[in-house]
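S.K.:
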Amino acid sequence: MSGERPRPRLAVFKFASCDGCQLQLLNLEHELLALAERFEIAHFLEASSRTQDGPYDVALVEGSITTPADVQRIRQVREQATTLVTIGACATSGGIQHLRNQADVEDWKRQVYPRPEWIETLATSTPISEHVRVDHEIQGCPVNGDQVLRVLTRALLGAAPDLPGASVCMECKRQGNVCIVVARGLPCMGPVTRAGCGALCPSLGRDCYACFGPSEDPNPDALARGLRALGLSSRDVARRFRGINGHRRPFRALADRLEGRDG
Amino acid sequence: MPEPTQRLWLERSRLQQLLDSLGERGFEVHGPVVRDGALVLAPVRAVEELAVGWRESQAPGRYRIEQSGSERVFDVVNGPGSLKPFVFAAREPLIRVEMDGPGGGFRAHATLPEERAVAVVGVRACDLAALAVQDRVFLHDRYPDPYYAARRRGLFLVAVSCTRSASTCFCTSLDTGPEATTGFDVALSELEGGFVARAGSPAGEDLLAELALPEAPAETCVAERRALDACAEAMPRKLDPSDLPELLYDNLDHPRWDDVAERCLSCGNCTQVCPTCFCHDERDEPSLDSGHSLRVREWDSCFSLEHSYLHGMQVRSRIRDRYRQWLMHKLATWIDQFGSSGCVGCGRCISWCPVGIDLTQEVAALRERSA
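Protein sequence lines, in the order shown, are assigned to chains A and B. The working numbering puts the first residue of the first sequence at -7, with every later residue one more than the last. The working numbering puts the first residue of the second sequence at 7, with every later residue one more than the last.
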């Protein structure tokens, strides 16, 4: 490689998460060698225990911020990264662990742990963007590995990501699926959910549960009325929005209103 | 050789022969089948695979299909799919760019689709009208679209005139149906025991000649006329086009746009099922090793924010703006642009809107309060 320009340095970091998004990257088996040729993979604990210090050209960040230590560490990551890309629902919206944001965390600690005083945790689980500047977000639980690859490929060319922001319905229709809301009355979240999964659940006859988070400009109120018309209770509708991406503003605002928390 | 307008009689038991003849002529035959709770156009070989004895009910935001016990083959008016994907692919590569190595140039070549002979059986008059609209957009302009043209050339259309309408249909308002009058190779009307068949092209004449069908008796032709007229008269939904496009041009700030924006999901379903909506996105998909790149075209929608992003700004940032853009284009600016309405009255945008927004009602509301 002598004489060539050094490869951009890639790092992958993890906060409160299940590692599933990092696994999506590792699952890109046919692309991993090419990826390792184009990037110097400097820090990726899920793949190798050998790590190198920063700075990094691109940092992929998985997971949400749930402890005082996380708050410090994400700042260090930010300082070392030229481009910081958050990957997955935890990093982009706080993840399913955001449910604690509505609860008494001290009470939960006492119920779950025999020595709750050893648990150092924040009262909230929040997305990375609430703590440091984020350059790009890749939504999904887990992310679509191909989308991560597209973002990295474009980063090599100095181009911004071009991920879709429209609804899952767009992908669903392009695949020729019959709409499960209209034909079967299922409470599908597709109309407010961001495309990117390939309409995975509706293609298999299951209603979307919004694991890719809100689309670019959703109308949750209109969908909530639609779900009520399909027979869901107000509480069930709130729960549909309170899922993995429930901390994301348009979903949270709707669920708060339905549960009377917006006062 | 029968005259093009001659009406022939095809007994229901001989419909299989028509499918077989198409197959023998090298066509991949597609027809209306029931799948996942709706009518879809899918490859078929046998009449039994078609939606025989099924009937659907449609309403804004609702579609249900059930068996009626009838022997009729084409009682289901339509499903979400039209002819659109047969000619304008939902996603297709346009060009592939190959790099000649470091420091070298690049070569680009078109990735035209392989030409295939495809016969679609059961095409409705509204969808023929929609195809004519798409032909106008993609073919009859200064820059014909070779991808569309390649698919269009291979298409053989067996139309079925409607003797039954869905509650969401309003083709009579736009004069596109229920009878197939032009743009087909063969047209059928389903009656008791069989079909009145007529050719609409030399290829259609040739096919019907091979089947050596008898002439349709005069009383059968009368029954056909009566069935088609009855369908037209029974059509419950109306879209009054008499004051279009001015009605829309005169009401750009009508409060109804805010009203519909509260209900609209901006999900894009209406545009995806619309048989004339042609908006698309083109994006480059470079390979990780920078050795090649693919330019891909896929269906987009005026309801997506990206679609109205122009040199650094969002020109239609609110749902209100996007819904208005869609309706305005479909019913008003389309007329200025292409000389015809962009709406053919198939009603798909009404049935397949997850929250049941009905454009005929929206237009009526604009008219009501603007008077």
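Beta carbons are placed, not taken as given, at the ideal position from N, Cα and C, and that holds for glycine. Note that the coordinates shown come from a computational prediction; the quantities given were computed from them, not determined experimentally.
#1: Please list, in chain order, the chain B residues whose beta carbon lies closer than 7 Å to that of residue 159 of chain A.
#2: Going by beta-carbon coordinates alone, are residue 23 of chain A and residue 141 of chain A separated by less than 7 Å?
#3: Which residues in the same chain as residue 222 of chain A place their Cβ atom closer than 7 Å to its Cβ, once the five residues preceding and following it in sequence are excluded?
#4: If we count the other Cβ atoms within 10 Å of its Cβ and call it buried at 16 or more, is residue -6 of chain A buried or exposed?
#5: Does the Cβ-Cβ distance between residue 121 of chain B and residue 156 of chain B come in under 7 Å?
#6: Let me know the secondary structure DSSP gives residue 201 of chain A once reduced to three states.
#7: Compute the distance between the beta-carbons of residue 5 of chain A and residue 62 of chain A, then report whether it is under 7 Å.
#8: Mind checking which residues open and close the beta strand (DSSP E) that includes residue 49 of chain B?
#9: Does the beta carbon of residue 138 of chain B sit closer than 7 Å to a beta carbon anywhere in chain A?
#10: Counting only runs that start and end within the segment 101 to 136 of chain A, where is the beta strand (DSSP E) found for 3 or more residues in a row?
#11: Taking DSSP as the reference, what is the three-state secondary structure of residue 252 of chain B?
#12: In this structure, how does DSSP classify residue 149 of chain B when only helix, strand and coil are distinguished?
#13: Measure from the C-beta of residue 179 of chain B to each C-beta in chain A and report whether the shortest distance is under 7 Å.
#14: Could you check the C-alpha separation between residue 111 of chain B and residue 344 of chain B for me, to the nearest Å?
#15: Does the structure place the segment 188 to 204 of chain B close enough to the segment 130 to 145 of chain B that three or more beta carbon pairs sit under 8 Å?
#16: Counting pairs of Cβ atoms below 8 Å between the segment 118 to 130 of chain A and the segment 42 to 61 of chain A, do you hit three or more?
#17: Give the DSSP-derived three-state secondary structure of residue 255 of chain A in the structure shown.
#18: When DSSP labels each residue in this structure, what does residue 21 of chain A get in the three-state scheme?
#19: Please list, in chain order, the chain B residues whose beta carbon lies closer than 7 Å to that of residue 237 of chain A.
#20: Would residue 364 of chain B and residue 66 of chain B qualify as a contact pair, given that the criterion is a beta-carbon distance under 7 Å?
#21: Evaluate residue 178 of chain B with the Cβ neighbour count: other Cβ atoms within 10 Å of its Cβ, from every protein chain shown; 16 or more gives buried, anything less gives exposed.
#22: Mind listing the chain A neighbours of residue 30 of chain B? Cutoff is C-beta to C-beta under 9 Å, in chain order.
#23: Leaving out five residues before and five after residue 167 of chain A in sequence, what residues of the same chain have Cβ atoms less than 7 Å from its Cβ?
#24: Going along the chain, which unbroken runs of the beta strand (DSSP E) with 3 or more residues stay wholly within the segment 180 to 240 of chain B?
#25: Residue 149 of chain A touches chain B at which residues, Cβ-Cβ below 8 Å?
#26: Considering Cα atoms alone, identify which of B:93, B:14, B:355 and B:37 is closest to residue 158 of chain B.
#27: Tell me residue 40 of chain B's beta-bridge partners as DSSP assigns them.
#28: What's the C-alpha gap between residue 64 of chain A and residue 84 of chain A?
#29: Between which two residues does the alpha helix (DSSP H) holding residue 144 of chain B run?
#30: Can you list the residues of chain A that residue 305 of chain B reaches, using a CB-CB cut of under 9 Å?
#31: Just how far apart, CA to CA, sit residue 89 of chain B and residue 42 of chain B?
#32: For the beta strand (DSSP E) that contains residue 305 of chain B, what are its first and last residues?
#33: Measuring straight from C-alpha to C-alpha, what distance separates residue 207 of chain B and residue 146 of chain B?
#34: Is residue 97 of chain B close to chain A? Criterion is C-beta to C-beta, closer than 7 Å.
#35: Determine the extent of the beta strand (DSSP E) in which residue 163 of chain B is found, giving its start and end residues.
#36: Looking only at C-alpha atoms, which of B:98, B:237, B:139 and B:330 sits nearest to residue 301 of chain B?
M.R.: Short version:
#1: Within chain B, the residues near residue 159 of chain A are 273 and 274.
#2: yes
#3: 177 and 179
#4: Low confidence applies here, because residue -6 of chain A scores a pLDDT of 45, under 50, leaving its location unreliable; read the following figure in that light. When all chains shown are included, residue -6 of chain A counts as exposed.
#5: yes
#6: coil
#7: Against a cut-off of 7 Å, the Cβ pair of residue 62 of chain A and residue 5 of chain A comes out as no contact.
#8: 44 to 49
#9: Chain A contact via Cβ: absent.
#10: 128 to 130
#11: helix
#12: coil
#13: no
#14: 40 Å
#15: yes
#16: yes
#17: Confidence is the limiting factor: at residue 255 of chain A the pLDDT is only 48, short of 50, which leaves the residue's position unreliable and the question unanswerable from this model.
#18: Correct three-state label for residue 21 of chain A: coil.
#19: Within chain B, no residue comes near residue 237 of chain A; the closest Cβ sits about 17 Å away, beyond 7 Å.
#20: yes
#21: buried
#22: In chain order: nothing, as chain A lies at least about 27 Å away.
#23: 191 and 195
#24: Listed in chain order, the complete beta strand (DSSP E) runs (minimum 3 residues) inside the segment 180 to 240 of chain B are 192 to 197 and 200 to 205.
#25: Neighbours of residue 149 of chain A on chain B, chain order: 292 and 296.
#26: B:93
#27: B:45
#28: 18 Å
#29: It spans 131 to 144 - the alpha helix (DSSP H) in which residue 144 of chain B sits, taken as one unbroken run.
#30: 162, 165 and 166
#31: 19 Å
#32: Residues 298 to 305.
#33: 20 Å
#34: With its beta carbon less than 7 Å from one in chain A, residue 97 of chain B belongs to the interface.
#35: 161 to 167
#36: B:98
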